[in-house]
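What follows is a short report on a single structure.
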Amino acid sequence: MSELVHADEWETVVGLEVHCELKTESKLFCGCRNAFGDEPNTNVCPVCLGLPGSLPVLNRHVVELAMRVGRALHCRVERSIFHRKNYFYPDMPKDYQISQYDEPIDVEGHLELPDGYRVGIVRAHIEEDTGKTAHIGGSGGRIHGADHSLVDYNRAGVPLLEIVSEPDIRTADQAKAYVSELRAILVATGASDGKMEEGSLRVDANVSVRPSHRATFGTRCEIKNLNSLRSLARAIEYEARRQIELLEAGESIVQETRHWNESEGRTSSMRSKEEAFDYRYFPEPDLVPVAPDEAWQATVAASLPVLPAERRARLADAAGVAPAEVALLVELDLDQLVLDSVALGADPRVSINRAQNEVAADIGNAGRLTPSSFAALVAMETAGKITATQAKQVLAAMLGGEGDDPAAIVAARGFEAMDESTLAASVDEVIAANPDQWQRFVGGDQKVTGFFVGQVMKRTQGKADGKAVTRLLQERARR
Amino acid sequence: MTPTGSAIAIAGAVRRGERSAREVVDEHLAAVEAREDEIHAFNLVLADEARAAADEIDRRVAAGEDPGPLAGVPIALKDNLCTRGVPTTCSSKILEGWRPPYDATVVQRVAAAGAIAVGKTNLDEFAMGSSTENSAFGPTRNPHDTSRVPGGSSGGSAAAVAAGFAPLALGSDTGGSIRQPAALCGVVGVKPTYGAVSRYGLIAFASSLDQIGPFAHDVADAALLLEVIGGHDAMDSTSIPQPAPSLSAVLDDGVDGLRVGVVRELLEGVDADVAASVQRAAEALAAAGAKVEEVSVPATIYGLSAYYLIAPAECSSNLARYDGVRYGLRVDADDITEMYTATRAAGFGPEVKRRIMLGTYALSAGYYDAYYGKAQRVRTLIINDFAAAYERFDALLSPTSPTTAFAFGAKADNPLAMYLSDVCTIPSNLAGHPAMTVPFGAGDDGLPIGVQVMADALGEPVMFRVAKALEEAVK
Chain A
9 MSELVHADEW ETVVGLEVHC ELKTESKLFC GCRNAFGDEP NTNVCPVCLG
59 LPGSLPVLNR HVVELAMRVG RALHCRVERS IFHRKNYFYP DMPKDYQISQ
109 YDEPIDVEGH LELPDGYRVG IVRAHIEEDT GKTAHIGGSG GRIHGADHSL
159 VDYNRAGVPL LEIVSEPDIR TADQAKAYVS ELRAILVATG ASDGKMEEGS
209 LRVDANVSVR PSHRATFGTR CEIKNLNSLR SLARAIEYEA RRQIELLEAG
259 ESIVQETRHW NESEGRTSSM RSKEEAFDYR YFPEPDLVPV APDEAWQATV
309 AASLPVLPAE RRARLADAAG VAPAEVALLV ELDLDQLVLD SVALGADPRV
359 SINRAQNEVA ADIGNAGRLT PSSFAALVAM ETAGKITATQ AKQVLAAMLG
409 GEGDDPAAIV AARGFEAMDE STLAASVDEV IAANPDQWQR FVGGDQKVTG
459 FFVGQVMKRT QGKADGKAVT RLLQERARR
Chain B
11 MTPTGSAIAI AGAVRRGERS AREVVDEHLA AVEAREDEIH AFNLVLADEA
61 RAAADEIDRR VAAGEDPGPL AGVPIALKDN LCTRGVPTTC SSKILEGWRP
111 PYDATVVQRV AAAGAIAVGK TNLDEFAMGS STENSAFGPT RNPHDTSRVP
161 GGSSGGSAAA VAAGFAPLAL GSDTGGSIRQ PAALCGVVGV KPTYGAVSRY
211 GLIAFASSLD QIGPFAHDVA DAALLLEVIG GHDAMDSTSI PQPAPSLSAV
261 LDDGVDGLRV GVVRELLEGV DADVAASVQR AAEALAAAGA KVEEVSVPAT
311 IYGLSAYYLI APAECSSNLA RYDGVRYGLR VDADDITEMY TATRAAGFGP
361 EVKRRIMLGT YALSAGYYDA YYGKAQRVRT LIINDFAAAY ERFDALLSPT
411 SPTTAFAFGA KADNPLAMYL SDVCTIPSNL AGHPAMTVPF GAGDDGLPIG
461 VQVMADALGE PVMFRVAKAL EEAVK
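Chains as they are written, first to last, in my numbering: chain A, 9 to 487; chain B, 11 to 485.
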């Protein structure tokens, strides 16, 4: 697609619908196992197969998880009812889906992104998942034209929570940040395993564009088949450009559902508004209203863990940095380590850097660090007892199982910060050996700084402190 | 020839070892053998299974065990109740070849009480009809006059009891499908309070109206059967979370001092002989000590209209699953949409198609409020009007059916005339209240007339007392 001339005059508006498979032992309306990847049609019974005469019974744990997510998203938990959404498709055993409709369990909340931007939550509602179809023969994996189709009903009746955002999202990056944050909340509340690749989280994006500063929304398109954060961002960018191009060419946007093709990197029309199904929603007569009493709601509220936003705020506050800077640590579950280490007197900035680089690189062994051992390591570095490079090596050794006493590892490796005169001698030797580069450095070419630091490191077998080397180089250049 | 003995008498004799269950079953199967070709009460007779079950009951009695309150009692099951491994057809071609992998809760409960299923009874396809003429397998005939319909949709169950094929039967009642055929066949039929009997395993017609209930020769047998099948079931979310009420114990409490209202609106437009029976029933209750008055329940006149929006709407959704994909009939075609169409066109009869279309229309975008929404508001009105009546009365009285059993074909070409057969029974389904019919006299044509007794939700005990008093009055 060509470069847009007026891209900055347009604003993209995105609202997201996230379908989250709830992590329960059993399905939404029966006792069948809720598990991914089992032999097809083994986790089925008369209820989730929709056999004649069977009736749904609501899984209490699903309601509890929906309430937890609702609280975490600052929603009101309301009395809710189920409806039937009627349409024919072979992956749906009853040819209707039981779903909450105009009276959902969670309403009117918000989600705060790490940078503080707030995305409104319209609602979150409970519904049942469908089975999975595989179309054999024919073209394009579509049911029409296939020789035959196979259906696996293991997923039929798996509980879903659909979380609908306000159209508050303005960029593809923001959409990614929203889904990441939502995933963290869903994992923290125990509602989901967060595995997008297994379909545990599925995202539909409603995308429209409008001239910047206009208050009213443009016509939107719903984009389906977004299976990763990358797809989500690419699809939003593609779709916004497509719409802007159409509008700039004097055409209008047709409200429709579009399919994202990951390999082609484009969206294509699935069905227009006129072709949209009439789902003939009506209240599900086989179920009764869900009306959690005060006591149950209070129990659920009390059982909520500390959520990512609060964890970021807590660490950011203790470390004196912006919440966005500690987002990765929270995501990696390293915030408590850093928080405790800072409480023990370790430098916040160095603690954060070591945690989100070196510890993150070996996250599986992070459990080998205690707050005190980590704090001790950071303290040695900041006191200049070891260099940054040495600190990284010691940390790697601690993670590698060589004990939790950084001082002992330092001693064992013979690491000790070089005294100033030894280091100065090494610097002078390197300058003498590289006169051409030295002239460039003296002439103000900062690019050779790295070269000199590297040479000194090599000569001192990594014991030199890079910052000290740079300082010595600068002192000599000024002479 | 016709077997005798109430269910209570049979169970008592079997439990005491005075009669063998096998003998009881053989006697009833002989009656089936003798007259079933003429009546066609059953889609399937379970002769071998029944004999085997009877032998097992006898073995248990011999071993000193108590097989339960219905020990050795033959029972006929409407063919929309799921029976494990046994074809369950709803009298529809669309369920061809399907055998449920599970038993309905009521089927489990009657078996656990010692009852013996002797067959699956005929019905109007998917319980939609009032004459059993809508069965894909041919109509059932009224044992009192085989030129007449047995009523419907549970015509097979009503006829099975009336013909002596079984002293007990189970049916389902969505708008009168137990009470109307019971009245036309001269037996007792009960629609319990919505939620009093588990619907698990009852193949749905209209979920918010469907309720399973008993057929019996007399009120005491019906009470016993309801005690066995009633009570909470965790498999049905709409099941009332309390045990079945004790009915047998209160049957002989009489009606002295009870306040009984005769519903004015439900006497309008019924045949004179039927109205006269209701009048005599009211007099009989008064003679037994009840305070009987006429009462108006105005909104009941809208019952039929509301019902024919709500029931088809729910049926259009409930019957969507018969699509040829998973079980039952499949008519192969070039693609999935054509397969759906061909299968459903071939599998459903005209009345089922009519109701699916009515219901689909009523739920369509832009029409929902005008049809389904409004019908639900009427339903609320009916509930409110009944509530007002039950402030002044313990039970209400009305005809069950506006006519006695009519001739085959008399209404088959006129759906509206057929729908009017249920005008007196529908209001109780919409309200979710219990209602039952007791035989009370005969019409000018000599055919049975049933009188309907209604009560407030969970008012089965008082309803059964009134029914028992009417039964006593007839004797």
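For each residue, glycine too, the CB sits at the ideal point set by N, CA and C.
It should be emphasised that the depicted structure is a prediction, and the values quoted were computed from it without experimental measurement.
request  = Please report how far the alpha carbon of serine 187 (chain B) lies from the alpha carbon of leucine 368 (chain B), in whole angstroms.
outcome  = In the second sequence, residue 187 (chain B) corresponds to position 177, counting from 1. In the second sequence, residue 368 (chain B) corresponds to position 358, counting from 1. Each residue's alpha carbon lies about 20 Å from the other.
request  = Report the three-state DSSP secondary structure of glutamate 293 (chain B) (helix, strand or coil).
outcome  = Reading the second sequence from its first residue, position 283 is the one you call residue 293 (chain B). In this structure, glutamate 293 (chain B) counts as helix in the three-state DSSP scheme.
query = Is it right to say glutamine 469 (chain A) is buried, meaning 16 or more other beta carbons lie within 10 angstroms of its own, or is it exposed?
reply = In the first sequence, residue 469 (chain A) corresponds to position 461, counting from 1. So glutamine 469 (chain A) counts as exposed.
inquiry  = Can you pull out the residues from the stretch 102-117 of chain A whose beta carbon lies closer than 9 Å to at least one beta carbon of chain B?
reply    = Lys102, Asp103, Tyr104
task = For isoleucine 151 (chain A), go through chain B and note every residue whose CB falls closer than 8 Å to its CB, in chain order.
result = Numbered from its first residue, the first sequence carries residue 151 (chain A) at position 143. Those are Asp345, Ile346, listed as they occur along chain B.
inquiry  = Comparing C-alpha positions only, which one of A:His91, A:Asp413, A:Arg84 sits nearest to glycine 117 (chain A)?
reply    = Position 109 of the first sequence holds residue 117 (chain A). That would be A:Arg84, whose Cα lies nearest to the Cα of glycine 117 (chain A).
Limits of the alpha helix (DSSP H) - the one that glutamine 482 (chain A) falls within = In the first sequence, residue 482 (chain A) corresponds to position 474, counting from 1. Residues 474-486.
inquiry  = Below 7 Å on C-beta distance, what does aspartate 286 (chain A) contact in chain B?
reply    = Here the question's residue 286 (chain A) lines up with position 278 in the first sequence. Ser374, Ala375, listed in chain order.
request  = Inspect the beta-carbon positions of glycine 313 (chain B) and isoleucine 436 (chain B) and report whether they are closer than 7 Å.
outcome  = Your numbering for residue 313 (chain B) matches position 303 in the second sequence. Your numbering for residue 436 (chain B) matches position 426 in the second sequence. Yes, the Cβ-Cβ distance between glycine 313 (chain B) and isoleucine 436 (chain B) is below 7 Å.
ask   = Any residues in the stretch 242-261 of chain B with a beta carbon nearer than 7 Å to a beta carbon of chain A? Which ones, in chain order?
value = Ala244, Met245, Asp246, Ser247, Thr248
message = On the DSSP letters alone, give me the boundaries of the beta strand (DSSP E) that glutamate 135 (chain A) sits inside.
response = Translated into the one-based positions of the first sequence, residue 135 (chain A) becomes position 127. Counting along the chain, the beta strand (DSSP E) containing glutamate 135 (chain A) begins and ends at 126-136.
request  = Leaving aside the five residues before and after serine 438 (chain B) along the sequence, list all residues of the same chain whose C-beta is less than 6 Å from its C-beta, in chain order.
outcome  = To locate residue 438 (chain B), count along the second sequence from 1; it is residue 428. Around serine 438 (chain B): Ala445, Met464.
Residue interval of the beta strand (DSSP E) (run including leucine 521 (chain A)) = In this structure chain A extends from 9 to 487, so residue 521 (chain A) is not present and cannot be described.
message = Distance check for proline 191 (chain B) and methionine 11 (chain B), CA to CA, integer angstroms please.
response = Here residue 11 (chain B) is taken as the residue at index 1 of the second sequence, counted from 1. Here residue 191 (chain B) is taken as the residue at index 181 of the second sequence, counted from 1. In this prediction, methionine 11 (chain B) scores a pLDDT of 42, lower than 50, which makes its location untrustworthy; the coordinate-derived value is nonetheless stated afterwards. Approximately 24 Å between the Cα atoms of the pair.
task = Could you name the residues of chain B that valine 296 (chain A) contacts, counting a contact when the two beta carbons are closer than 7 Å?
result = Taking the first sequence and counting its residues from 1, one reaches residue 296 (chain A) at position 288. Correct list: Ser247, Thr248.
Within-7 Å CB hit, cysteine 325 (chain B) to chain A = By one-based count along the second sequence, residue 325 (chain B) stands at place 315. No, no contact with chain A.
request  = Let me know the secondary structure DSSP gives valine 350 (chain A) once reduced to three states.
outcome  = Here residue 350 (chain A) corresponds to residue number 342 of the first sequence, with the count starting at 1. Looking at valine 350 (chain A) - three-state DSSP - the assignment turns out to be helix.
request  = Have a look at B:Arg364, B:Tyr332, B:Pro360 and flag the residue whose alpha-carbon is nearest the alpha-carbon of threonine 353 (chain B).
outcome  = By 1-based counting over the second sequence, the position of residue 353 (chain B) is 343. It is B:Tyr332.
CB contact flag (serine 140 (chain B), serine 431 (chain B), <7 Å) = Taking the second sequence and counting its residues from 1, the one referred to as residue 140 (chain B) is at position 130. Taking the second sequence and counting its residues from 1, the one referred to as residue 431 (chain B) is at position 421. Contact flag set, yes.
request  = Taking all protein chains shown into account, decide if asparagine 53 (chain B) is buried (16 or more other Cβ within 10 angstroms of its Cβ) or exposed.
outcome  = Residue numbering aside, residue 53 (chain B) sits at position 43 when the second sequence is read from its first letter. Its Cβ being crowded by 16 or more others within 10 Å, asparagine 53 (chain B) is buried.
inquiry  = Any beta carbon of chain A sitting closer than 7 Å to that of alanine 294 (chain B)?
reply    = For the purposes of this step, residue 294 (chain B) is taken as the residue at position 284 of the second sequence. Closer than 7 Å: no.
query = Which value, in whole angstroms, describes the spacing of the CA atoms of arginine 487 (chain A) and proline 414 (chain A)?
reply = Taking the first residue of the first sequence as 1, we reach residue 487 (chain A) at position 479. Taking the first residue of the first sequence as 1, we reach residue 414 (chain A) at position 406. Straight-line Cα distance between these residues: approximately 39 Å.
Proximity to glutamate 170 (chain A) [Cα-Cα], best of A:Tyr97, A:Val77, A:Gly258 = Numbered from 1 along the first sequence, position 162 holds the residue referred to as residue 170 (chain A). Nearest C-alpha to glutamate 170 (chain A): A:Val77.
ask   = Looking at the C-beta of valine 70 (chain A), does it have a partner C-beta in chain B at a distance below 7 Å?
value = As a first step, residue 70 (chain A) must be located in the first sequence, where it is residue number 62. Not an interface residue.
key: Simplified DSSP assignment, three categories, for alanine 41 (chain B)   = To locate residue 41 (chain B), count along the second sequence from 1; it is residue 31. It is helical.
request  = With 7 Å as the threshold, decide whether the Cβ of serine 16 (chain B) is near any Cβ in chain A.
outcome  = Stepping through the second sequence from its first residue, residue 16 (chain B) is reached at position 6. By this cut-off, serine 16 (chain B) is not an interface position.
key: Cβ of valine 346 (chain A) within 7 Å of any chain B Cβ   = Against the first sequence, residue 346 (chain A) aligns to sequence position 338. No, valine 346 (chain A) does not count as interfacial toward chain B.
task = Would you please verify whether the beta carbon of glutamate 25 (chain A) is less than 7 Å from any beta carbon of chain B?
result = For the purposes of this step, residue 25 (chain A) is taken as residue 17 along the first sequence, with counting starting at 1. Judged by the 7 Å Cβ criterion, glutamate 25 (chain A) is not in contact with chain B.
Below-7 Å beta-carbon distance, proline 300 (chain A) vs any chain B residue = The residue given as residue 300 (chain A) occupies position 292 in the first sequence. Answer no: the Cβ-Cβ gap between proline 300 (chain A) and chain B never drops below 7 Å.
ask   = Between the beta-carbon of proline 243 (chain B) and the beta-carbon of threonine 93 (chain B), is there less than 7 Å?
value = One-based indexing of the second sequence puts residue 243 (chain B) at position 233. One-based indexing of the second sequence puts residue 93 (chain B) at position 83. In the sequence under discussion, the amino acid at residue 243 (chain B) is aspartate, which differs from the proline named in the question. No, these two residues do not count as a Cβ contact at 7 Å.
request  = Would you mind telling me which residues of chain A sit closer than 7 Å to serine 217 (chain B), beta carbon to beta carbon, in chain order?
outcome  = Residue 217 (chain B) sits at position 207 when you count from the first residue of the second sequence. Neighbours of serine 217 (chain B) on chain A, chain order: Pro293, Asp294.
message = For chain A, check one thing: does any of its Cβ atoms lie closer than 7 Å to the Cβ of leucine 4 (chain B)?
response = Given that chain B is displayed from residue 11 to residue 485, the structure contains no residue 4 (chain B) and the question cannot be resolved.
query = If contact means a Cβ-Cβ distance below 9 Å, which residues of the stretch 165-180 of chain A contact chain B?
reply = none
Proline 149 (chain B) versus B:Ile49, B:Leu219, B:Leu91, residue with shortest Cα-Cα distance = If you number the second sequence from 1, residue 149 (chain B) lands on position 139. For proline 149 (chain B), the nearest C-alpha among the options comes from B:Ile49.
key: alanine 343 (chain B) versus methionine 349 (chain B) - alpha carbon distance   = Here residue 343 (chain B) corresponds to residue number 333 of the second sequence, with the count starting at 1. Here residue 349 (chain B) corresponds to residue number 339 of the second sequence, with the count starting at 1. For alanine 343 (chain B) and methionine 349 (chain B), the distance between alpha carbons rounds to 5 Å.
query = If you measure from the beta carbon of arginine 119 (chain B) to each beta carbon in chain A, is any gap under 7 Å?
reply = Taking the second sequence and counting its residues from 1, one reaches residue 119 (chain B) at position 109. By this cut-off, arginine 119 (chain B) is not an interface position.
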